[in-house]
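Each remark here refers to the structure printed beneath this line.
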Amino acid sequence: MTGNNDIPRRGGAHGACARGRRPSAAAVVAAVVALVVSACARMGQPDGGWYDETPPRVIGAAPSDGSTDVTSRKISIFFDEYIKLEDASSKVVVSPPQIEPPDIRAAGKEIKVSLLDSLKPGMTYTIDFSDAISDNNESNPMGNYTYSFSTGEHIDTLQVSGTVVDASNLEPVKGILVGLYDDMSDTAFTTKPMLRVSRTDSRGRFVIKGVAPGTYRAYALQDADGNYIYSQKSEMLAFSHDSIVPTCGPDIRQDTIWRDSLRIDSIVRTGYTHFYPDDIVLRAFTVPQTDRYLIKTERQDPRKLGIYFSYGSDSLPGLQGLNFDASTAFIIEPSEKLDTIVYWLRDTALVNQDTLNFVLSYMMTDTTGLLVPQSDTLSAMPRVPYEKRKKELDKQREEWEKDMEKAKEKGEPYDSIMPVEPLNVKILSGMSLDPDKNVIMEMAAPLARCDTAAIHLYSKIDTLWYRSRFEFKQMEGKLRTYVLRAEWRPGIEYSLEIDSAAFEDIYGLVSLAKKQGIRVRAMDEYSSLTVNLSGTRDTGIVVQMLNSSDAVVKQVRASGGSAEFFYVSPGDYYLRAFVDSNGNGVWDTGDYETDRQPEQVTYYPKKLECKAKWDVTIAWNMGALPGDRQKPSAITKQKPDKEKQKSNRNLKRAQDLGIQYVP
């Protein structure tokens, strides 16, 4: 019977073989030809048979796909083979959005959908399965599939599509909701659920289907609470005031037919319906979290008390000691935004006091979003109590005394004073320095004394060392950080020498002698880059050089339509620019409540190669490409998911066996 199945029959099920008659000569010839063709195609079937590479196919639905006047909330979609549904909760999107999540499951050769929300009259519904459907045995993907029906007399078929990118770095945003509103008011996004929705794929792409003719606005939302409304400041969002009017028209595309993975068989021109707009770009951002509250207080180090807030302030909190006098107890080290404040204890007696009780007064955001005064009574204890620290110190003293006695007995020299821990001074700059940088030092604790006469800088000219002039100052806004500025000459070797006891902290600890060689790199070790900007009317543009990790290496403000980078180390770089609207030198996000878009970010679409001794000049038309096509793929972290494709195991198997395979 197997052999007979390979022979083409005429007359359907009632052919000659079916009636039990002897086959005609023509039938025999046809059978032989069919067998020869089959043999030529596969030239010997490999052991185990051929794989099933046919994806599942929809053979029907109830209600049928594209039905109108539908009242049932239960839908069944039938397939020609057993299927499975992958990650339906995140991949399958129902539009209009369902506040009560629908029940979607696979059962044999069927997908069952139960819509738990009531159906709206005169509305087109779409169920977009994306790539969630595949066959049960071989996992052959069906491809993107959308089922639709209408509760009214007609079904809407328009579509709009585009891309969502992160406004700060143009990374594609995966899995964010994109919705349309026909209500053009600014309050719709915060008061009404989205009218029609889709979800972006790994490329940040979205397609919203089943759209009725009209005028819309598009929004994106990382919906944390599932209500399809922008209701939490922590939710990533994108908004645009551009009006969207969906349309469609006939178009032609070229489809490439591949003979195998390397050879093109043919190119076919295919007509299709092109839906517009298909190039929407939404720039998503997260609103700064400005709610202010106390996160924690800690005293890991007995010498300092740390106060941490969720957001900054324009003034320091008030601190009133309950078991100590706080008016003269501290040296205060605040962060730039006053969201972290470190109180260094001046008095050793307070350092040795295990519990500090105090009242902290500060401004806190209440439930209505307003700043109100707040006072908390708090206690702070060190991680290691004083008694334990004292026992450890006594143990060290005992060991030192024993060592001293042994040295006396042997007549060896000894120090009559027990050594104490020195002040730790970190030189943050390395031994190699760029001419446009300076030497940075960080002290372990606030200084009580700094002797600049004990700091020496020497430069080596030929074989001789000469004193070099320098300036040593505390960095603005940094309590324990200092900068040593000098005229750093390219190609010159320097020696930084610091005498012992040059620095003394507020606890009496002094620094040890320190010496570090510094080599300033020569000019012929660098490249330079000049970027001539065009295609924008914006001013205040900041241009950033990026490494292969998309991290900023250098940053300059453009002047006169160009940005210049000097002392560029040889390597491969990328460029990013942003419009610094407020002139603060950093990229700022947007705010929906104040109708402020995030500052515009643009990427140069190519990699730049800078070599030693090269002066590179490029022209950058910042308006040449849309935002979703600017960022080079080499530094794009959100890579597209690998598309589900037929495995072509039959083709590979035939190639391994050296035979011809015809699917």
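Mapping to the numbering used here: the sequence shown position 269 is 269, numbers consecutive.
Here a beta-carbon is modelled for each residue, glycine too, at the ideal position from N, C-alpha and C.
Query                                                                                                                                                                                 : Result
Classify Arg269: buried if its beta carbon has 16 or more other beta carbons within 10 angstroms, exposed otherwise.                                                                  : exposed
Taking Val542 as the reference, which of Ser548, Ser534, Ser559, Ser528 has the closest Cα?                                                                                           : Ser559
Per DSSP, what kind of secondary structure is Leu625 in: helix, strand or coil?                                                                                                       : coil
Could you give the first and the last residue of the continuous beta strand (DSSP E) run that contains Asp403?                                                                        : No beta strand (DSSP E) contains Asp403, which is instead part of the alpha helix (DSSP H) from 386–410.
Pair every Cβ in the region 412–421 with every Cβ in the region 459–467, then say whether three or more of these pairs are closer than 8 Å.                                           : no
Using a 10 Å radius around the Cβ and a threshold of 16 neighbouring Cβ atoms, would you call Asn137 buried or exposed?                                                               : exposed
Helix, strand or coil: which one does DSSP assign to Lys460?                                                                                                                          : strand
For the region 606–618 against the region 528–542, do three or more pairs of beta-carbon atoms, one drawn from each stretch, fall closer than 8 Å, so that the two count as touching? : yes
What residues match up with Asp135 in a beta bridge as DSSP calls it?                                                                                                                 : Ile83
Between which two residues does the alpha helix (DSSP H) carrying Ala445 extend?                                                                                                      : From DSSP, Ala445 is part of no alpha helix (DSSP H); its letter is neither H nor E.
Thr200: which of Asp588, Ala61, Asp265, Val281 sits nearest, CA to CA?                                                                                                                : Val281
Just tell me which of Arg383, Pro382, Thr365, Gln222 has its CA closest to the CA of Ser375.                                                                                          : Thr365
Quick check: the Cα distance between Ile257 and Gly204, rounded to an integer number of angstroms?                                                                                    : 27 Å
Have a look at Tyr592, Ala577, Thr594 and flag the residue whose alpha-carbon is nearest the alpha-carbon of Val586.                                                                  : Ala577
Below 7 Å CB to CB, which residues in the same chain sit around Gly627 once its five sequence neighbours on both sides are set aside?                                                 : Val165, Leu170, Val281, Arg283
State the beta-bridge partners of Lys426 as determined by DSSP.                                                                                                                       : Glu442
In whole angstroms, what is the alpha-carbon distance linking Ala680 and Leu625?                                                                                                      : No information on residue 680 is available, as it lies outside the stretch 1 to 663 that the chain covers here.
Thinking Gly179 and Tyr219 are a contact (beta carbons under 8 Å), I'd like their distance in whole angstroms, please.                                                                : 6 Å
Quick one: what does DSSP say Thr377 is sitting in, helix, strand or coil?                                                                                                            : strand
Which of the three DSSP states is assigned to Met184 in this structure?                                                                                                               : coil
Please state the DSSP three-state secondary structure of Val553.                                                                                                                      : strand
What would DSSP say about Lys296, mapped onto helix, strand or coil?                                                                                                                  : strand
Residues in the same chain with beta-carbon distance under 7 Å from Pro334, minus the five sequence neighbours each way, listed in chain order, please.                               : Leu316, Ile341
So, Asn357 versus Pro302, is the Cβ gap smaller than 9 Å?                                                                                                                             : no
Under 8 Å, with one C-beta from each stretch per pair, do the region 205–218 and the region 240–251 reach the 3-pair mark?                                                            : yes
Would you list the one or two residues that DSSP bridges to Arg105?                                                                                                                   : Lys112
Between the region 82–91 and the region 101–118, can you find at least three pairs of beta-carbon atoms closer than 8 Å?                                                              : yes
Find out if the Cβ-Cβ distance for the pair Ile59, Tyr147 is shorter than 9 Å.                                                                                                        : no
Look at the alpha carbon of Ala238 and the alpha carbon of Arg596, and state the distance between them as a whole number of angstroms.                                                : 11 Å
Tell me whether Thr191 sits in a helix, a strand or coil according to DSSP, three-state version.                                                                                      : helix
Mapping the DSSP letters down to three states, classify Glu90 as helix, strand or coil.                                                                                               : Note on residue identity: the sequence assigns Ser, not Glu, to residue 90. Note: Ser90 maps to helix in three-state DSSP.
So who's on the other strand from Thr355, going by DSSP bridges?                                                                                                                      : Beta-bridge pairing links Thr355 to no other residue.
Please list, in chain order, all residues of the same chain as Ala62 whose beta carbon is under 6 Å from its beta carbon, the five residues on each side excluded.                    : Ser76
Go through its chain and collect everything with a Cβ distance to Trp465's Cβ below 8 Å, but skip five positions before and after it.                                                 : Tyr458, Ser459, Ser495
Count the other CB atoms within 10 Å of the CB of Thr124; is the residue buried (16 or more) or exposed (fewer)?                                                                      : buried
So, with DSSP's three-state summary, where would you put Thr126?                                                                                                                      : strand
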